Each structure stands twice: as C-alpha cells, then as structure tokens.
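What follows is a set of notes on a single structure, which appears directly below.
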Amino acid sequence: MSASADPRATIDSTEVRGTKAQRADALHDLSIAHVELGRLDVAARFARRGLRLTGEARFHLTLAWIDLDRGRRKQSLQHLDLATPHLRGRELARARCLRGLHLCHSAEPRLAIAELTAVIRELRRYGDQRWLANALVGRGIARCNATQLAKADADFTSAQTLLHAIGEPGRAAMCLHNRGFVAMLAGDLPLALRRYEDAAKAGLDSTSRPEALVDRAEALLAAGLTAEARRVLAPALELLRRCNRHVPELAVLSARCALRDGDPAPALRVGGSDVEFMLAAGKLDAVAAHRFRGPAQTRALGWLAQARRSDRRGALAACRAGLKVLDEHLGDWPRRELTGHALGLARTAREVLHWSEQHRASVPLPPKEPELAQALARLRRARAFGLPLDALERDVRRLTLATPPRSQRAGSALPDLPLVSFTFHNGRMLAVTVIDGRARRREVRDAACLVQSARLAVAAGKELPGREQLVPAADEVVVIPDGVLHSMPWAAFGGRVHVIPSLRHWRTPGRGRGRVWITGPRLLRDEVPALQQEHGGRRVRPVADDVLTAMEGAHIVHIASHGEVNVDNPLFSYLELADGPLYGYDIARIENPPEIVVLSACESGLARAFLDAGTRAVIASVLPVPDAQVSEAMAEVHRLLDHPAEAAAAVAHLGFSCYGNGTPACAG
Numbered sequence: 001m002s003a004s005a006d007p008r009a010t011i012d013s014t015e016v017r018g019t020k021a022q023r024a025d026a027l028h029d030l031s032i033a034h035v036e037l038g039r040l041d042v043a044a045r046f047a048r049r050g051l052r053l054t055g056e057a058r059f060h061l062t063l064a065w066i067d068l069d070r071g072r073r074k075q076s077l078q079h080l081d082l083a084t085p086h087l088r089g090r091e092l093a094r095a096r097c098l099r100g101l102h103l104c105h106s107a108e109p110r111l112a113i114a115e116l117t118a119v120i121r122e123l124r125r126y127g128d129q130r131w132l133a134n135a136l137v138g139r140g141i142a143r144c145n146a147t148q149l150a151k152a153d154a155d156f157t158s159a160q161t162l163l164h165a166i167g168e169p170g171r172a173a174m175c176l177h178n179r180g181f182v183a184m185l186a187g188d189l190p191l192a193l194r195r196y197e198d199a200a201k202a203g204l205d206s207t208s209r210p211e212a213l214v215d216r217a218e219a220l221l222a223a224g225l226t227a228e229a230r231r232v233l234a235p236a237l238e239l240l241r242r243c244n245r246h247v248p249e250l251a252v253l254s255a256r257c258a259l260r261d262g263d264p265a266p267a268l269r270v271g272g273s274d275v276e277f278m279l280a281a282g283k284l285d286a287v288a289a290h291r292f293r294g295p296a297q298t299r300a301l302g303w304l305a306q307a308r309r310s311d312r313r314g315a316l317a318a319c320r321a322g323l324k325v326l327d328e329h330l331g332d333w334p335r336r337e338l339t340g341h342a343l344g345l346a347r348t349a350r351e352v353l354h355w356s357e358q359h360r361a362s363v364p365l366p367p368k369e370p371e372l373a374q375a376l377a378r379l380r381r382a383r384a385f386g387l388p389l390d391a392l393e394r395d396v397r398r399l400t401l402a403t404p405p406r407s408q409r410a411g412s413a414l415p416d417l418p419l420v421s422f423t424f425h426n427g428r429m430l431a432v433t434v435i436d437g438r439a440r441r442r443e444v445r446d447a448a449c450l451v452q453s454a455r456l457a458v459a460a461g462k463e464l465p466g467r468e469q470l471v472p473a474a475d476e477v478v479v480i481p482d483g484v485l486h487s488m489p490w491a492a493f494g495g496r497v498h499v500i501p502s503l504r505h506w507r508t509p510g511r512g513r514g515r516v517w518i519t520g521p522r523l524l525r526d527e528v529p530a531l532q533q534e535h536g537g538r539r540v541r542p543v544a545d546d547v548l549t550a551m552e553g554a555h556i557v558h559i560a561s562h563g564e565v566n567v568d569n570p571l572f573s574y575l576e577l578a579d580g581p582l583y584g585y586d587i588a589r590i591e592n593p594p595e596i597v598v599l600s601a602c603e604s605g606l607a608r609a610f611l612d613a614g615t616r617a618v619i620a621s622v623l624p625v626p627d628a629q630v631s632e633a634m635a636e637v638h639r640l641l642d643h644p645a646e647a648a649a650a651v652a653h654l655g656f657s658c659y660g661n662g663t664p665a666c667a668g
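Take 1 as the starting number for the sequence shown in full-length UniProt numbering and just add one per residue.
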C-alpha cells in the first residue's frame, strides 16, 4: 500500500488504461484510495482485478490489509502467506507489519509488541513513513491490551505527528481519537470525550471509520447517556453493514444499552466476553478475576463481583476497594452499584448513615469553559424564540462531559444539632436519626402519601400530619431527604429546619459583599423596589451575563422570577430572565457563589444547583406561591435573613424551607 494523501482526488484522476504495468499501477492506487475511504468491498474488487491481471504480491498484500480490516483474519493470513515469498526489502517489512497487527488480535500482547518493535526499526531504516505510522498504531493497540497506557499514548502521538507531516490529516485525527480511547481505558472519561471531540473537529471521517462511532458510544454510555449512545450506535451499525465489516464491540454495546434500559435479555445473549454481561449473567468468579488488572472501571466491576460472591465482611471490604479504585482514577461507574450493594448489607444505624452518604449522587460542577458558555447562550436564545432544543441540550451535555469538571467545594463538620438522614433503597425508605451522638435507624412507610398529605395541608393552611414519623421533636434539626421526600415542605413541621442534600453540603457562614436584586419578566407583582429601598443593594438588569456577574461574591441575592423544574436533568431547570432562561448549568459554573439566595419563585428546582456551587443557604418553596402573599412574605424573610432557618420558618405556610446551613453567622 502506497501513500494516498487525497483518496478522493486519486479516484477522480485515475483511469485504468495503457500498458499492463500502467493498468496494474492504476488498479493498485484505486484500491488503496477506496481503503482510505472505508469502501472495502470496492477496494477488494480493484485489488482482485490487479491480482488477476499480474499476480503481483503487492495485490495479495493489499487484500491481506482489507481482510484484516474487515475482521476476516483467516483470509488475510492466506494472502500474506501467498505474498511473503515474493517480497523483499520494504515490501517484506510491510508484510511483517501486517503479521504484527494480526498478533494484536490473536496473541499475548507482549508478542505483538515485540514483533512490531522490530518492524518499526526496519521501517525507520527504509524511511517508510506511512507504514511506520501503521506499525506505531498497531503497537499502541497492543500496548492498550497490555495496559501499558502511557506507552500506548506515546505511540499514537508519534503516529499522529508522522501522519500530519506526510499530509494525511484524516488518519492523524484517527490517532488522536485512539488517544481518547487510551484515556477511556485509564478511567479519565472527560479527557476521552474531549479527545474524541477534537478528533472529529480535526477531520476524522466516521463514515469511513465507523469503529470511531463505537468508541464514542462507549464513552457516552459510561457517562450515563444511554439515549445518546444509542443514537451514535445506529449509524455505526448501518455503516458497518454497508461495508460488510464486523466489529464485535458493536453487539456488546447494543446489549449494554439494552441492559441499562432495563432489558437484560440482549445482554445475556452476547456471551461472556464482556465483564458487565458476565456480571449480569451471574458469572461472578470470572468477573472478580479482573479486579487486579485492566482499566479502572473493569477493576471496580471486578470488586463488585467479588462483593456479590463474598460474605458480609468480605463484601463490604470489596466495596471499599472498588470505591478506592474509582477515587484514584476519578471514575464514576460503577460507583452507585458498589455503594448500593454495601448499603443493602448495612446493619447498624451508623453503617446505614455512612453508606447512604457514599450512595448519594455527587454532581460534578460544569467547567468554566468559554465553549460551554457559548452553548448555553445558544440554548437560551433558542428557548426564548421557541426553537427546537434537543440538539442544543445535547451540545451542553456533551461539552460538560468532554471537559474535566470542577470539584465541589468541601463542606465542614456538622454542628451539634439533631440530624435525620433518609435513604430510599431497594423499595424501602430508611431513616437514621442522630441525637446527642446516639444513632437509631427505622423504616418510614408510605413516604409518598406523607408528602402528598403535607403539601395538601400547607395549601389548606392546616397543621401537617406525620411529624413524628419524619422529624425528631427538637427546636432545630438538620434533614437530609431522599426520593419523594425532596418535595416535602420541611419548614412547615415547625422549628428551625436545615435541609441539605448530603453532609458535604453543610458549610460554615462566610462573608459576601452587598445585596443583589433581580426581577424576571412576566411577573404580576414586583416586591423588589420596596425591599431594595429598605435594605439597600443594587438592582441588576435581568439578562444572564449581568446576573451571573452580579452574583459573584455577593452576600445576599434575591431573585423574583418564574421558574420551571426539569425532573430528568435538574441542571436544565431554570429561572426566566429577559433574554431567556438562567439554567442550573449557569449557576453551577459560578466561581464565587453568593452566600445566601432567596428564590421568590414557584418550584424552580435550582436550590441544589446553588448549594453544589458553594452557596451556604437557599430559601425556596416547593409549592406555588400566591402573588397576593409574596410581598409580605418576602419582607418578613429579609427582616430575619441573618438567620436563614428562622426566615424560612416565618414563611413555611407558603411551602418555603431553608436549604443548606441556615444558622446565623455568629453561630459558625
């Protein structure tokens, strides 16, 4: 195979005519050009014509490459056997390269590495840059199989540099894509997605390299984006069918998608080659063997299998080991599977509290990347003008995943307050209450009915039922809800209630600068002018850029606006501004978040976004708030806002609660 920097130009300019030697050269060039475009059937037809015309070994070599690319290894080796006796020098080194690539798929990876290392020395001696790149890519693949990930990345990087130098940007982009695959094996999902994106921008042609779509689907599935993974797999399946190519990983990924969607049958039909399916099929011994080697996710899955086949003590130790692997490599999946298994084994109240905290989802903060800010601005404009949103929302999710997230700000130790932590697991709502250092566990029955009854009671102005089942009898309490209990109007139970998503969200009071007032569009009332006159501060124009800038480092932010909750993805919940929605993604990207936030809005769903960003306390309602009562209620809130939990208690009859640490600043 010779160089073909522009395969389409070669096809357009090449005619099979002239002498026998000229026709043979033309057929060879056309065959190689079609290989580069992924048209393997067409490429094979030209190569077979050349073979019939001349019987030359170079056509056997080309057919060996094509069959290897199509997964037909037996036929590929037959062509190599026929070609090798007639090859010398550079062509023989190329044949050895192909045999080395065969070893990548069939032998102990170190054999492939040794063979390709020898081939690389030969190709460098001949100055055969293109085939040197092929050999480097092959050795990179073998090193991936041997989990020599740093060396694999170095091989792909060298091949990428070579291919750029000889004018083959498409194949160079494929090397960058391969480096994304290395990052995926290392458990660095953001880096993998970023490299896949960069490769696509650099000119990777997925129509000729559908296996790249399979890799991208793998990353999306690992990120939990099953629907997006299926959308990527669909064209990959069609492209592979058209060019008569077999990629076993495609069937595996399709089955994994089905498994994630709750249909295990396709997964079990795939067989035992994929550890996730072996786990689903109950082949625990085979999966557990992976816990000491391989990519981070595979090792974590091995520890999960070890946990499932061990006694209680061994299972908890295995779960801790699996979590340690994921923590070291910043991995996510299968974290909740590990913590969920451990939670099911927890016996004491302290164990339930510990593993429920491990089990609670930790939302990584979106990165401070200009490209993500631009994607959010496009989404904001589209919603403001009533344009289609699906593709733009996918862009936001993709860019968030493709960039390393920022870590959440660490919380502080809890104060000496009564605590009740709820965990919904295996169909049961468990509660752990900690008072004066003593922990007790119990089960809460009919949690959904309790929430519905409480919301109806608040709306009707009646006393809430069921307090004894949920909140300990104390003047002040910290509540960590789960499941349906997130919709409970907690402050209406009386006393000072601090509602936090997890223990890590408890933050000590800090210092901010001034008050910021924001009023969104289409409101029938505007409480802000009177509040600003009484408490001072500045009113901000209700456009996203101004609002986000004003919130940086503020002490108190008051937002009066309509809101909407997105249950499927809370970061797409939003507050209405004049130029479109202010999303949870926008809020979570604030570098220096406000100390206290008052959301004078109906069920915006954004309290969590502020808390994740680092805000200490948010006062928000889980119920629609009558316009006629808002002004008086907000006046009372700001009068008591030095103690956010007391401020929320004053308007608990409207469904407001204090989320976060609502203690006064002097209390620490």
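All C-beta atoms, glycine included, are put in the ideal place defined by N, C-alpha and C.
Model, not experiment: these values are computed from the prediction.
Whole-number beta carbon distance between residue j and residue i, since they are thought to touch under 8 Å
i	j	result
L599	A620	4 Å
D498	V478	Per the sequence presented here, residue 498 reads as His, with Asp not at that position. At roughly 5 Å, the Cβ-Cβ gap stays under 8 Å, so H498 and V478 are in contact.
V637	A652	Actually they do not touch by this definition, with Cβ atoms about 11 Å apart.
I500	G660	6 Å
T62	K20	About 18 Å separates the two Cβ atoms, so there is no contact after all.
S631	A530	7 Å
A554	R513	6 Å
G170	G203	5 Å
G344	N426	6 Å
Neighbourhood of residue i by C-beta distance below 7 Å, restricted to the same chain and skipping five residues each side
i	result
R381	G580
L524	D627
R209	G38 and M174
L611	P501, H505, V618, Y659 and G660
One or two residues paired with residue i in a DSSP bridge
i	result
F656	S621
H558	W517 and V598
Y574	E564 and Y583
E443	L430
R58	Paired residue(s): none; R58 is not in a bridge.
Length of the line joining the Cα atoms of residue i and residue j
i	j	result
A83	A142	24 Å
R110	A146	7 Å
A544	L577	7 Å
G127	G138	18 Å
A43	L225	36 Å
A159	V119	14 Å
V622	M488	7 Å
S13	L30	10 Å
A647	A609	21 Å
P521	A384	12 Å
residue 676	D311	Because the chain spans 1 through 668 in this model, residue 676 falls outside it and cannot be assessed.
P594	L389	29 Å
R442	L430	6 Å
S657	A342	32 Å
I587	A560	16 Å
A50	D395	The sequence shown places Gly at residue 50, not Ala. In a straight line, the C-alpha of G50 is about 47 Å away from that of D395.
Residue i, enclosing beta strand (DSSP E) - first and last residue
i	result
T400	No beta strand (DSSP E) holds T400; the alpha helix (DSSP H) holding it covers D390 to L401.
R428	R428 to I435
H425	L419 to H425
V497	R496 to V499
R538	R538 to V540
Neighbourhood of residue i by C-beta, 6 Å cutoff - its chain only, sequence neighbours within 5 removed
i	result
V182	L149, A152 and D153
residue 669	Lying outside 1 to 668, the shown extent of the chain, residue 669 is not represented and no answer is given.
P664	D642 and H643
L419	V434 and V478
Delimiting residues of the alpha helix (DSSP H) encompassing residue i
i	result
E534	V528 to H535
E476	Careful: E476 lies outside any alpha helix (DSSP H), inside the beta strand (DSSP E) at E476 to I480.
E15	Segment: none, E15 is in no alpha helix (DSSP H) and carries neither H nor E.
P594	Run containing P594: none; DSSP gives neither H nor E here.
R370	Inspection of the sequence shows that residue 370 is occupied by Pro rather than by Arg. Segment P370 to A384, the alpha helix (DSSP H) holding P370.
L582	Where L582 is concerned, there is no enclosing alpha helix (DSSP H), although the beta strand (DSSP E) it sits in stretches over G580 to Y583.
E122	P109 to Y126
V352	A349 to H359
S76	R73 to A83
V546	Residue identity differs from the one stated: residue 546 is Asp in this sequence, not Val. Counting along the chain, the alpha helix (DSSP H) containing D546 begins and ends at A544 to M551.
Close-in-space but distant-in-sequence residues of the same chain around residue i (CB under 8 Å, 5 per side omitted)
i	result
H79	H60, L61, L63, A64 and D67
A47	L27, H28, S31, F59, T62, L63 and I66
E15	A26
Any chain D beta carbon closer than 8 Å to residue i
i	result
P388	Of the chains in the structure shown, none is chain D; there is only one protein chain.
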